[in-house]
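Asks: As given, the protein sequences belong to chains A and B, one line each in that order.
One rule links them: number in our numbering = place in the first sequence (from 1) + 2.
Counting from 1, position 70 in the second sequence corresponds to residue 61 in our numbering; the numbering is continuous, with no gaps.
Sharing a structure below in structure tokens format, with a few things to ask.
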Amino acid sequence: MDRFIFLTVDGLSRGAVFAAFALALVLIWRGARLVNFSQGAMAAATTYIAYSVTTASGSYWLGLASAVAAGLVIGALTERLVMRRVDPSRPLNAVIAALGIVLVIQAVLGILYGSAYRAMDVPFSRRPLSIGGQAVLSPYDLFVFVTVAIVMIALGLMFTRTGVGLKMRAAAFNPDMARLLGVDVGRMLTLSWALAGAVGGLAALLVVPTELGAHPHATDLVFVYAFTAAVVGGLDSPVGAVGGGLCVGLVLSYVSGYSGSDLSAVVILAVLTVVLLVRPAGLLSRPAARQV
Amino acid sequence: MTGTASGSLRIRELTAGYGGPAVLHDVDLDVHPGTIAAVVGANGAGKTTLLRAVSGLAPRCTGSITWEGTELRGTRVEDLVRRGVAHVPEGRGVITELTVEENLRLGHLWRKDPADGRRAVAEVFEMFEPLARRRASAGHLLSGGERQMLAIGRALVGRPRLLLLDEPSLGLAPKVTAQIMALLRHLRDETGLTILLVEQNVRSALSVADRGIVLSLGRVVVDDDAGTLAADADLRHAYLGF
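Next comes the structure, spelled out in structure tokens:
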């Protein structure tokens, strides 16, 4: 039972990061109907920026702020300079462009930083705290939960309570109608990419230091798990991304805790396959609109 | 609900389409301030393309479209509302994932005066009571009539001077269609709104319109007083099928 509780808390902590990363994918999917395969590489770049700033300044928090800011800029530039110029009538072109961005970013990071892992510090202890003699969660886990929760709540409030959020949703759901109502759809799309870049960068910074450290490929597996989370929850559903992320985190934690980490990828693939077979639009996708 | 009635829409030598053969050919028409012009014709005549050309949604377009004396062509679609033009497209364009209230808010977000926007939404709720009762319902839960009310209401919260309305009776019961037509008449008479109405329901459209324009294969074949058009048996038989 002790192990189960520990694995559950650990799984939820990792799942929260996958949820944030999956949310970044959902933000772009809803706006552009595109799975951003470059999300992982973009996040790897922001992780290196955080690493450089933290190393130079000695401040984790300055590094974190710079990663978020860099995510905003990289996301916006990717949309304005590359994705906007891709013919939207051929979805494969956007996928190829995204993969091209992955190659460019990883090559540039490799040239600048080399291929060695660079250890990164975390601001709080990762030693689990005990409650009643039971190791539960570490201060860093708590930091991850709170950070992701703040991001989720802030995004939720922005989408549901502000004019910009309403415009972003309108532009995502029905771009032609949104334009007729005065919404600058292109600007909303840029904003979606910028937010996705920032959220993805933040998520990567929460998880990369807990593994081997900064590396051009450090976020590859995070992207795969987050993509699975987004598909499980429903690519159209921010709530689904959060639920999917937590589910994937728990599954990974239980599988690696009870059976060994070698099986993790296989089980995630199995989860993805079952969801695609049973409910292809995702577990929390919205039912089809009533036809009138 | 609307602004001043100074609007006049003037279309000259308009040819428009989507990249293949043109759908509209050398269309000339005028819509005078505070009047309803009904564009009627068979399926494929180019009625919807006419409205899309005015809004800038038809990608291939030549000729001239002036509104209140200024050329509309070249205006970005998202800037159209700032020129006082509202377009309710075919199929109503209700954003079904948003609630009734959110759809209406969206109609005035571009305006600088949020307080007036809220007043306009309140006026729409007064005008369409069923919408007020369902303000928190998602658009996909509304009936066809409610969606049409929402689409027109959302256009009105922007306080337009020109309303482009595409097939408002599509899929609606005759009673609801009559209510929609009565509303258009009310808007014209009470607020001076200029309306370019595209409609397959010819009788309903001509019953409220001041001007009737018949499109056939992308060309204007008749442009006359709506009452005259409705009363002319030869014209009706030749072009309108009743």
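Even for Gly, the Cβ is constructed at its ideal location relative to N, Cα and C.
As the structure is a prediction and not an experimental result, all values here were calculated from the model.
In terms of residues, what are the limits of the beta strand (DSSP E) holding T261 (chain B)?
Replies: Nothing about residue 261 (chain B) can be reported from this structure: the residues present for chain B run from -8 to 233 only.
Asks: Given a limit of 9 Å on CB to CB distance, which residues of the stretch 16 to 46 of chain B reach chain A?
Replies: From the stretch 16 to 46 of chain B, only S46 have a Cβ closer than 9 Å to chain A.
Asks: Given A196 (chain A), which residues of its chain have a CB within under 6 Å of its CB, disregarding the five upstream and five downstream residues?
Replies: As a first step, residue 196 (chain A) is located in the first sequence; it is residue number 194 there, counting from the start. Answer for A196 (chain A): L74, G77, A78, listed in chain order.
Asks: Can you list, in chain order, the residues of the stretch 171 to 188 of chain A whose Cβ is nearer than 8 Å to any Cβ on chain B?
Replies: Result list: R171, A172, F175, N176, D178, M179, A180, R181, L182, L183, G184, V185, D186, V187.
Asks: Flag this pair as yes or no: are the beta carbons of A36 (chain B) and L154 (chain B) separated by less than 7 Å?
Replies: Numbered from its first residue, the second sequence carries residue 36 (chain B) at position 45. Numbered from its first residue, the second sequence carries residue 154 (chain B) at position 163. No, these two residues do not count as a Cβ contact at 7 Å.
Asks: Could you check if A173 (chain B) is buried or exposed, using at least 16 other CB atoms within 10 Å of its CB as the buried criterion?
Replies: In the second sequence, residue 173 (chain B) corresponds to position 182, counting from 1. Per the 10 Å Cβ criterion, exposed.
Asks: Opposite A29 (chain B) in the DSSP bridges: which residues?
Replies: For the purposes of this step, residue 29 (chain B) is identified with residue 38 of the second sequence, where counting begins at 1. Its beta-bridge partners are B:L188, B:G203.
Asks: Buried or exposed: where does W58 (chain B) fall if 16 or more other Cβ atoms within 10 Å of its Cβ makes it buried?
Replies: Taking the first residue of the second sequence as 1, we reach residue 58 (chain B) at position 67. Label assigned to W58 (chain B): buried.
Asks: Out of curiosity, what's the CA-to-CA distance linking L25 (chain A) and A96 (chain A)?
Replies: Working through the first sequence from its first residue, we reach residue 25 (chain A) at position 23. Working through the first sequence from its first residue, we reach residue 96 (chain A) at position 94. Looking at the two C-alpha atoms, the distance is approximately 19 Å.
Asks: In chain A, what lies closer than 8 Å to W101 (chain B) by C-beta?
Replies: Here residue 101 (chain B) is taken as the residue at index 110 of the second sequence, counted from 1. Under the 8 Å cutoff, chain A gives L183, G184, V185.
Asks: If we ignore side chains and look at the alpha-carbon of each, how far apart do L101 (chain A) and F39 (chain A) end up?
Replies: Indexing the first sequence from 1 puts residue 101 (chain A) at position 99. Indexing the first sequence from 1 puts residue 39 (chain A) at position 37. For L101 (chain A) and F39 (chain A), the distance between alpha carbons rounds to 6 Å.
Asks: What residue from A:V224, A:L274, A:L286 has the CA that sits closest to G235 (chain A)'s CA?
Replies: Here residue 235 (chain A) corresponds to residue number 233 of the first sequence, with the count starting at 1. Closest option to G235 (chain A), Cα to Cα, is A:L286.
Asks: Taking the alpha-carbon positions, what's the R3 (chain B) to V212 (chain B) distance?
Replies: In the second sequence, residue 3 (chain B) corresponds to position 12, counting from 1. In the second sequence, residue 212 (chain B) corresponds to position 221, counting from 1. So the alpha carbons of these two residues sit roughly 15 Å apart.
Asks: A29 (chain B) and R137 (chain B) - do their beta-carbons sit closer together than 7 Å?
Replies: Working through the second sequence from its first residue, we reach residue 137 (chain B) at position 146. Working through the second sequence from its first residue, we reach residue 29 (chain B) at position 38. The identity of residue 137 (chain B) in the sequence shown is Glu, whereas the question assumes Arg. Cβ distance not < 7 Å, so E137 (chain B) and A29 (chain B) don't count as in contact.
Asks: Determine whether the beta carbon atoms of V14 (chain B) and T53 (chain B) lie at a separation below 7 Å.
Replies: To locate residue 14 (chain B), count along the second sequence from 1; it is residue 23. To locate residue 53 (chain B), count along the second sequence from 1; it is residue 62. Their beta carbons are not under 7 Å apart, which means V14 (chain B) does not touch T53 (chain B) by this criterion.
Asks: What does a CB cutoff of less than 6 Å around Y142 (chain A) pick up in its chain, not counting 5 residues either side in sequence?
Replies: Here residue 142 (chain A) refers to the residue found at position 140 when the first sequence is read from its first residue. So the qualifying residues of the chain are V124, F126, R128.
Asks: Going along the chain, which residues of its own chain have a beta-carbon closer than 7 Å to the beta-carbon of L208 (chain A), five neighbours each way excluded?
Replies: Residue 208 (chain A) sits at position 206 when you count from the first residue of the first sequence. The answer, listed in chain order, is V19, V146, T149.
Asks: Rounded to whole angstroms, what's the CA-CA distance from K103 (chain B) to E69 (chain B)? Just pull it up for me.
Replies: What you label residue 103 (chain B) is simply residue 112 of the second sequence in a count that begins at 1. What you label residue 69 (chain B) is simply residue 78 of the second sequence in a count that begins at 1. K103 (chain B) and E69 (chain B): Cα-Cα distance of roughly 15 Å.
Asks: Suppose you measure from the CA of R110 (chain B) to the CA of F225 (chain A); what does that come to, to the nearest Å?
Replies: Residue mapping note: residue 110 (chain B) aligns to position 119 of the second sequence, counting from 1. Residue mapping note: residue 225 (chain A) aligns to position 223 of the first sequence, counting from 1. So the two alpha carbons sit approximately 47 Å from each other.
Asks: Going along the stretch 152 to 168 of chain A in order, which residues come within less than 7 Å of chain B, judged by CB to CB distance?
Replies: Against chain B - using a Cβ distance shorter than 7 Å - the residues of the stretch 152 to 168 of chain A are G165, L168.
Asks: Tell whether a beta-carbon distance below 7 Å holds between V72 (chain B) and G149 (chain B).
Replies: As a working note, residue 72 (chain B) is residue 81 in the second sequence. As a working note, residue 149 (chain B) is residue 158 in the second sequence. Going by C-beta atoms, V72 (chain B) is nearer than 7 Å to G149 (chain B).
Asks: Using three-state DSSP, classify W58 (chain B) as helix, strand or coil.
Replies: Residue numbering aside, residue 58 (chain B) sits at position 67 when the second sequence is read from its first letter. Residue state, collapsed to three classes: strand.
Asks: Would you be able to state if there are at least three C-beta pairs under 8 Å between the stretch 190 to 206 of chain B and the stretch 160 to 171 of chain B?
Replies: A contact exists between the stretch 160 to 171 of chain B and the stretch 190 to 206 of chain B.
Asks: Under 9 Å Cβ-Cβ, which residues of chain A neighbour G98 (chain B)?
Replies: Within the second sequence, residue 98 (chain B) is the residue found at index 107, counting from 1. Under the 9 Å cutoff, chain A gives L183, G184.
Asks: Which residues in chain A sit within 7 Å of L147 (chain B), going by Cβ to Cβ distance?
Replies: On the second sequence, residue 147 (chain B) is found 156 positions in, with the first residue counted as 1. Going along chain A, no residue has its Cβ under 7 Å from L147 (chain B), so there is no contact; the nearest lies around 12 Å.
Asks: Against chain A, with Cβ distances strictly below 7 Å, would G84 (chain B) count as a contact?
Replies: Taking the first residue of the second sequence as position 1, residue 84 (chain B) is located at position 93. Yes, contact with chain A.
Asks: Check for me: the beta strand (DSSP E) holding R3 (chain B) runs from which residue to which?
Replies: Residue mapping note: residue 3 (chain B) aligns to position 12 of the second sequence, counting from 1. Start and end: 0 to 8.
Asks: Return helix, strand or coil for A121 (chain A), following the three-state DSSP convention.
Replies: In the first sequence, residue 121 (chain A) corresponds to position 119, counting from 1. Reduced to three states, the DSSP call for A121 (chain A) is coil.
Asks: Give the DSSP-derived three-state secondary structure of L9 (chain A) in the structure shown.
Replies: What you label residue 9 (chain A) is simply residue 7 of the first sequence in a count that begins at 1. Three-state result, L9 (chain A): helix.
Asks: Under a three-way DSSP split, which group does S295 (chain A) fall into?
Replies: This structure cannot speak to residue 295 (chain A), because chain A is shown only from 3 to 294.
Asks: Ordered along the chain, which non-local residues of its own chain (more than five positions away) have a Cβ less than 6 Å from that of A43 (chain A)?
Replies: Within the first sequence, residue 43 (chain A) is the residue found at index 41, counting from 1. These residues qualify, in order along the chain: V104, I107, Q108.
Asks: Kindly identify the DSSP beta-bridge partner or partners of R51 (chain B).
Replies: Taking the second sequence and counting its residues from 1, one reaches residue 51 (chain B) at position 60. Answer is B:G8.
Asks: For V233 (chain A), is the classification buried or exposed, using 16 other Cβ atoms within 10 angstroms of its Cβ as the cut-off for buried?
Replies: If you number the first sequence from 1, residue 233 (chain A) lands on position 231. Buried, because 16 or more other Cβ atoms sit within 10 Å of the Cβ of V233 (chain A).
Asks: Mind listing, in chain order, the continuous alpha helix (DSSP H) runs of no fewer than 4 residues lying wholly within the stretch 94 to 147 of chain B?
Replies: Correct list: 105 to 118, 120 to 124, 135 to 147.
Asks: Kindly say whether E81 (chain B), judged by its beta-carbon, lies nearer than 7 Å to any beta-carbon of chain A.
Replies: Walking along the second sequence from the start, residue 81 (chain B) turns up at place 90. Judged by the 7 Å Cβ criterion, E81 (chain B) is not in contact with chain A.
Asks: At a Cβ threshold of 7 Å, is E88 (chain B) touching chain A?
Replies: Here residue 88 (chain B) corresponds to residue number 97 of the second sequence, with the count starting at 1. Closer than 7 Å: yes.
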